[in-house]
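Same order as they appear, the protein sequences are chains Y and Z.
Quick note on my numbering: the first sequence kicks off at 1 and runs consecutively.
Quick note on my numbering: the second sequence kicks off at 1001 and runs consecutively.
Virtual Cβ for every residue (Gly too), placed ideally from N, Cα, C.
2 protein chains.
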Amino acid sequence: MSGRLAIVGLGPGDHRYLTPEARAALDAADVLYGYGPYLDRVSERAGQARHASGNRVEGARAQDALNEAAAGAQVAMVSGGDPGVFAMAAAVCGEIETGPQAWRALDIVVIPGITAMLAVAARAGAPLGHDFCAISLSDNLKPWDLIEKRLDAAAAAGFVIALYNPISKARPWQLGHAFTRLAQHLAPSTPVVFGRAMGRADEALTVTTLDQAGEVKADMATLVIIGSAETRVIARDGKAPLVYTPRVAAAVTA
Amino acid sequence: MSGRLAIVGLGPGDHRYLTPEARAALDAADVLYGYGPYLDRVSERAGQARHASGNRVEGARAQDALNEAAAGAQVAMVSGGDPGVFAMAAAVCGEIETGPQAWRALDIVVIPGITAMLAVAARAGAPLGHDFCAISLSDNLKPWDLIEKRLDAAAAAGFVIALYNPISKARPWQLGHAFTRLAQHLAPSTPVVFGRAMGRADEALTVTTLDQAGEVKADMATLVIIGSAETRVIARDGKAPLVYTPRVAAAVTA
Chain Y
1 MSGRLAIVGL
11 GPGDHRYLTP
21 EARAALDAAD
31 VLYGYGPYLD
41 RVSERAGQAR
51 HASGNRVEGA
61 RAQDALNEAA
71 AGAQVAMVSG
81 GDPGVFAMAA
91 AVCGEIETGP
101 QAWRALDIVV
111 IPGITAMLAV
121 AARAGAPLGH
131 DFCAISLSDN
141 LKPWDLIEKR
151 LDAAAAAGFV
161 IALYNPISKA
171 RPWQLGHAFT
181 RLAQHLAPST
191 PVVFGRAMGR
201 ADEALTVTTL
211 DQAGEVKADM
221 ATLVIIGSAE
231 TRVIARDGKA
241 PLVYTPRVAA
251 AVTA
Chain Z
1001 MSGRLAIVGL
1011 GPGDHRYLTP
1021 EARAALDAAD
1031 VLYGYGPYLD
1041 RVSERAGQAR
1051 HASGNRVEGA
1061 RAQDALNEAA
1071 AGAQVAMVSG
1081 GDPGVFAMAA
1091 AVCGEIETGP
1101 QAWRALDIVV
1111 IPGITAMLAV
1121 AARAGAPLGH
1131 DFCAISLSDN
1141 LKPWDLIEKR
1151 LDAAAAAGFV
1161 IALYNPISKA
1171 RPWQLGHAFT
1181 RLAQHLAPST
1191 PVVFGRAMGR
1201 ADEALTVTTL
1211 DQAGEVKADM
1221 ATLVIIGSAE
1231 TRVIARDGKA
1241 PLVYTPRVAA
1251 AVTA
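This is the structure in structure tokens:
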């Protein structure tokens, strides 16, 4: 029997974001692979094996899952958010490209999920309502000067910017440097949104401005959105403000 | 009783992408608003009113929905894909900002959905696996020179680019111009993915290269992804190729 590897996006937080397609793929699997905290979000089912692993072993995890699929199993690899956004889908493709020919013959299915920037943007209003970009701030897999180049290009061209992996114990200074860098292009009053753990009990949303953003605590579960010059904040009595970027943009002046 | 407006992302295509949160919001609504083809995707329910409108009247549709919520109704505005990505959430926020004070007192809830670029990327492999941006190619609401500036900035800085609203009867030349512009920065062999109507009966995915991309038919339901210099294509016998962008990026050389 031919094996199959489904790379499944759980979305952020709890089951409210889990699509029917993702649910069906999890139900159909003989065996689940994934980073431990993501696997913990999937209900256990009798007869379904589970292999949890750490967050620094994507390559080994992908190889194990591909080997098991090549042996004929129906395998699901779970991923938080969307598996194609700074997550496992690219890691699996990388292993297929360099691995045994048998892996290319497998059914590989990627099942999209709500990625963190969409969940955070929704909670804040519509900050991604106009052209935007997503940048991973981790310099584990790319040099810091490339990240700076992309921050400069994105801010100068008027993109709203979503920052993934903003900070960790091993990368404590990068987020602050990014704000300093962006301040060369953007006004101090530019809206900045911090969203953490959307859909979970410890969910938190903070709306601030670029000149104050360095004071806000962030961690690996935080997604940061920096507005463009067009991004606006609507104050509301007794309610959270709405942050949005209009669909209409002015002509290039610079 | 206090009214509520939920702006609900249906995801692309059929119900496989509809999250439990979106489903619950649709079920809880007294009245639905939306562009006709999106409303058609929502099952009818006795006692629930429906107001379909055309795709050029976002402002009027938002005002009608806000007025009905202000009168105490539970209103859902449906949106294809994610409502925060080139869709209704920013239009509603814009009306709230300039509208009567009562609209600011409403419960406004945005419910995220699978946006087209995530669905198309998943079907192709993992082309958005590294830093990427989303640009609407419509020059109805912004000048073409701003779009060109963003295409230049994104390609030169190594972002993968997702193009929304690539073409329409009223905008027949813009997509071809975008490919020509991008060819100033990217190799002719750069992978390009066209995805149309993911999850629908007429779903289509085409993988080509930048120098051939102008030959591929596209329409308003098409989402185009242009790779970066790092994006790769894995050929597979008897199966669709896998397109992916590795998580690892090299140092800046330019």
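Close beta carbons around residue i, own chain, < 6 Å, minus the five adjacent residues each side
| i | result |
| --- | --- |
| PRO20(Y) | none |
| MET220(Y) | SER168 |
| LEU223(Y) | ALA116, MET117, VAL120 and GLY195 |
| GLN1174(Z) | LEU1137 |
| PRO166(Y) | LEU137, LEU175, ALA218, THR222 and VAL224 |
| THR206(Y) | PHE194 and VAL216 |
| ALA1170(Z) | none |
| VAL85(Y) | THR115 |
| LEU186(Y) | ALA155 and LEU210 |
| HIS1051(Z) | TYR1033 |
| PRO1012(Z) | GLY1081, ALA1116, ALA1119, MET1198 and GLY1199 |
Sequence-distant residues of its chain with Cβ nearer than 7 Å to residue i (five each side left out)
| i | result |
| --- | --- |
| ALA254(Y) | With a pLDDT of 44 at ALA254(Y), under the threshold of 50, the predicted position of this residue should be treated as unreliable, and no value is reported. |
| LEU1182(Z) | LEU1151, ALA1155, LEU1210 and ILE1226 |
| THR208(Y) | VAL192 and VAL216 |
| ALA1257(Z) | In the structure as shown, chain Z starts at 1001 and stops at 1254, and residue 1257(Z) therefore has no counterpart that could be examined. |
| ALA1255(Z) | With chain Z covering 1001 to 1254 only, the question about residue 1255(Z) has no answer from this structure. |
| ARG1247(Z) | GLY1129 and HIS1130 |
| ARG123(Y) | GLY195, MET198 and LEU205 |
Contacts that residue i makes with chain Y (C-beta to C-beta distance below 7 Å)
| i | result |
| --- | --- |
| GLU1097(Z) | ARG232 and ILE234 |
| LEU1128(Z) | GLY84 and VAL85 |
| LEU1205(Z) | Those within 7 Å of LEU1205(Z) in chain Y number zero; the least Cβ separation is about 12 Å. |
Cutoff 8 Å; reference residue i; Cβ partners in own chain excluding five residues on either side
| i | result |
| --- | --- |
| LEU1128(Z) | MET1117, LEU1118, ALA1121, VAL1160, ALA1162, ILE1225 and THR1245 |
| GLY125(Y) | ILE234, PRO241, LEU242, VAL243 and TYR244 |
| VAL92(Y) | LEU5, ILE7, ALA62, ALA65, LEU66, MET77 and ILE108 |
| LEU10(Y) | TYR17, LEU18, ALA22, TYR38, ARG41, VAL42, VAL78, SER79, GLY80, GLY81 and GLY113 |
| ASP1014(Z) | ARG1041, GLY1199 and ARG1200 |
| ALA25(Y) | ALA6, VAL8, ALA76, VAL109 and ILE111 |
| GLU95(Y) | GLY59, ALA62, GLN63, LEU66 and TRP103 |
| PRO83(Y) | ILE7, VAL8, GLY9, MET77, ALA89, VAL110, ILE111, PRO112 and GLY113 |
| ASP1027(Z) | ARG1045 |
Contacts of residue i in chain Y (Cβ-Cβ under 8 Å)
| i | result |
| --- | --- |
| PRO1037(Z) | Per Cβ cutoff of 8 Å: no residues; PRO1037(Z) is ~19 Å from chain Y at best. |
| HIS1015(Z) | PRO20 |
| ASP1131(Z) | CYS133, ALA134, ILE135, SER136 and ARG150 |
| ILE1111(Z) | ALA122 |
Contact list for residue i against chain Z, beta-carbon separation under 9 Å
| i | result |
| --- | --- |
| ARG104(Y) | ILE1234, ALA1235, ARG1236, ASP1237, LYS1239 and LEU1242 |
First through last residue of the beta strand (DSSP E) which encompasses residue i
| i | result |
| --- | --- |
| ALA24(Y) | Not the beta strand (DSSP E): ALA24(Y) falls in the alpha helix (DSSP H), residues 20 to 28. |
| VAL1160(Z) | 1160 to 1164 |
| LYS239(Y) | 239 to 244 |
| ALA1249(Z) | Note, ALA1249(Z): premise wrong, no beta strand (DSSP E); not H, not E. |
| SER1053(Z) | 1049 to 1053 |
| LEU1223(Z) | 1222 to 1226 |
| PRO188(Y) | PRO188(Y) -> no beta strand (DSSP E), and no H or E assigned at all. |
| THR209(Y) | 204 to 209 |
| VAL1008(Z) | 1004 to 1009 |
| ARG1236(Z) | 1232 to 1236 |
Opening and closing residue of the alpha helix (DSSP H) in which residue i lies
| i | result |
| --- | --- |
| GLY36(Y) | 36 to 39 |
| ASP1145(Z) | 1144 to 1156 |
| GLY1176(Z) | 1174 to 1182 |
Cross-chain neighbours of residue i in chain Z, by beta carbon under 8 Å
| i | result |
| --- | --- |
| ALA115(Y) | The sequence given here has Thr at residue 115(Y), not Ala. Within 8 Å Cβ-Cβ: LEU1118. |
| GLY59(Y) | What GLY59(Y) touches in chain Z: nothing, since even the nearest Cβ is about 10 Å away. |
| ALA28(Y) | The premise fails here: ALA28(Y) is roughly 13 Å from chain Z at the closest Cβ pair, so nothing lies under 8 Å. |
Contact list for residue i against chain Z, beta-carbon separation under 7 Å
| i | result |
| --- | --- |
| PRO246(Y) | ALA1090 and GLY1094 |
| GLY72(Y) | Those within 7 Å of GLY72(Y) in chain Z number zero; the least Cβ separation is about 17 Å. |
| ILE108(Y) | LEU1242 |
| PHE194(Y) | Correct list: empty, because the minimum Cβ distance to chain Z is about 17 Å. |
| LEU223(Y) | Within chain Z, no residue comes near LEU223(Y); the closest Cβ sits about 12 Å away, beyond 7 Å. |
| ALA187(Y) | Residues of chain Z passing the Cβ test: none, with the nearest at roughly 18 Å. |
Per-residue contacts from residue i into chain Y (C-beta, under 9 Å)
| i | result |
| --- | --- |
| ALA1170(Z) | Ordered by position in chain Y, no residue passes the 9 Å Cβ test against ALA1170(Z), which lies about 16 Å from the chain. |
(request) Tell me, please, whether the stretch 1078 to 1095 of chain Z touches the stretch 1037 to 1049 of chain Z by the rule of three or more beta-carbon pairs shorter than 8 Å. (result) yes
(request) Return the chain-ordered ranges of every alpha helix (DSSP H) run that is complete within the stretch 66 to 101 of chain Y and spans a minimum of 4 residues. (result) 88 to 98
(request) Taking only runs that begin and end inside the stretch 109 to 148 of chain Y, name each unbroken alpha helix (DSSP H) of 4 or more residues, in chain order. (result) 116 to 124
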